Amino acid sequence: MKKDGISLLIGTALLVAIGVCMGSDSRGAEPLPNIVIIFADDMGYGDVGCYGAQGYATPNMDRLAAEGMRFTRFYVAQPVCSASRAALLTGCYPSRVGIHGALGPGSRIGISSNEVTLAEIVKQKGYATAIFGKWHLGDSPEFLPVRHGFDEYVGLPYSNDMWPFHPEMTNQPAAAAQRRRGYPDLPLLEGIRPINPRVTPSDQEQLTTIYTQRAVRFIEKNKDRPFFLYVPHSMPHVPLFVSEKFRGKSAKGLYGDVIMELDWSVGEILAALERNGLSGRTWVIFTSDNGPWLSYGNHSGSAGPLREGKGTVWEGGVRVPCLMRWPGKIRAGAVCDQPAMTLDILPTIARLIGAELPKHPIDGRDIWP
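In terms of my numbering, the sequence shown opens at residue 367 and continues consecutively.
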């Protein structure tokens, strides 16, 4: 894999340095690109093969690195679920949009209608938009994705551990009883309505498959128009669940099995793009919302050489794996050591497709040359 030795000169803009890694802007009169963002939940810097993971294989994630770029200093805005997702979708630090930490069921806080999401940005250019996976920016109807620029939504409204049942507490009767009193049933939503009002453990085993199948169907349905596909997986957030087809497949226990299934999902999405002749005009981004939740021991991931994980501001909490592929635009096999963040994605996409940025201030920077 080629290593890009880019050094910043005094006064050189950071975005230019990253742009050199990514390649020049040669859009001209080309069709608008499709955008695919695959967002893992609590996946650490060291959980992907090309970042040093052991005990399981991630051939499809590694393929993104081989055919595109691997970032070594890619950061999230806050090392916890809701705040990180707010930054990704608005290009703003969480403090600017008023979302911190992880929102619980029934929260009166959620993404405001005054914010402009990435889905609303691409809507300016006629994109089809969809999210299949975990939302976690408020579960009241006014906060849900279909009210914020997404045409389609199937997924959990918040984290998969925010429910009455938790397998880690099966031997703790008092804690389990308190949990049942404290959490409502976990719903699987489509649009603003539950298609499964009471998700069970066996249902959770199928979440990765459901999100993937919906993503593939969306690609096939919209192959003749530009689209934005956002796949924020519920895994590998604890409690861990994996389908039968991947159970016991890794040498790293349940966590490794879960990562292998996520890698399968990446492969299914890439295959759908290829079948429909879309690979060359689709920018695929794979990253995570924060580092691993280390307090869960062998049910948590790895931050690799980095210190600490989720919920901390050490590197292991805020520095995450990031892979980007866009054939002909991002050089294959490149490694970029310049820092970038999830909140840079919105302004970069806006400029690439010729869309207007929000009228209010945002914090992300356009990192394309």
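Don't be surprised by glycine CBs; every beta carbon is placed ideally from N, CA and C. As the structure is a computational prediction, the values presented were derived from the model and not from experiment.
One or two residues paired with residue i in a DSSP bridge
i	result
S654	A406
P598	F405
C702	F437
L672	Bridge partners of L672: none, in fact.
C688	F437 and T653
E556	V520 and R559
N400	T648
M707	Y441
F593	A494
Cβ-Cβ distance between residue i and residue j below 9 Å
i	j	result
G670	G418	yes
S616	G415	no
V632	L606	no
L760	L522	Because the chain spans 367 through 735 in this model, residue 760 falls outside it and cannot be assessed.
G694	G646	yes
A581	F498	yes
P533	V684	no
M626	A423	yes
A706	Y411	no
S609	Q572	yes
V686	S654	yes
N426	D629	yes
Whole-angstrom distance between residue j and residue i, CA atom to CA atom
i	j	result
L672	C458	25 Å
I477	G504	7 Å
Y577	L712	23 Å
F652	V597	9 Å
T575	V520	12 Å
P539	Y549	16 Å
E508	I465	15 Å
L398	D527	38 Å
E586	E518	14 Å
A721	R591	16 Å
Y621	C688	19 Å
I558	L454	22 Å
P563	L552	7 Å
R546	K611	30 Å
K589	E634	15 Å
Q544	P471	16 Å
A449	I475	12 Å
T438	S525	27 Å
W734	L709	14 Å
H599	E396	31 Å
I403	G619	27 Å
S479	G614	44 Å
A379	A443	For A379, the predicted structure reports a pLDDT of 37, less than 50, and the residue's modelled location is therefore unreliable. A value from the coordinates is still provided. So the alpha carbons of these two residues sit roughly 20 Å apart.
G492	I719	11 Å
R697	E681	27 Å
R583	E640	14 Å
W501	S668	24 Å
T714	D732	4 Å
A638	D413	24 Å
I561	D569	12 Å
I728	G467	20 Å
C447	T483	17 Å
Cutoff 6 Å; reference residue i; Cβ partners in own chain excluding five residues on either side
i	result
A716	I487 and L723
R691	L430, E433, G434 and V650
M367	The pLDDT assigned to M367 is 41, lower than 50, so where the model puts this residue is not dependable; a value taken from the coordinates is nonetheless given after this. Once the five neighbours on either side are set aside, the close Cβ partners of M367 are G699.
V463	A452, T456 and E481
Cutoff 7 Å; reference residue i; Cβ partners in own chain excluding five residues on either side
i	result
S392	Residue placement at S392 cannot be trusted, given a pLDDT of 48 that sits under 50; the coordinates are not used to answer.
W659	D408, V604, S666, G675 and K676
C485	Sequence check: residue 485 is Ala here, not Cys. If we look at A485 and ignore the five residues flanking it on each side, its Cβ neighbours are T495, H514, G515, F516 and F594.
V679	P445
T566	none
N642	I585, E586 and K589
Q490	A721 and E722
R436	C416, L689 and V701
Own chain residues within Cβ distance below 8 Å of residue i, not counting five before or after
i	result
T648	P399, N400, I401, V402, L639 and W692
Q: Kindly provide the ranges of any beta strand (DSSP E) runs that are 3 or more residues long and lie completely inside the region 416 to 499, ordered along the chain.
A: List check, beta strand (DSSP E) in window: 435 to 441 and 494 to 498.
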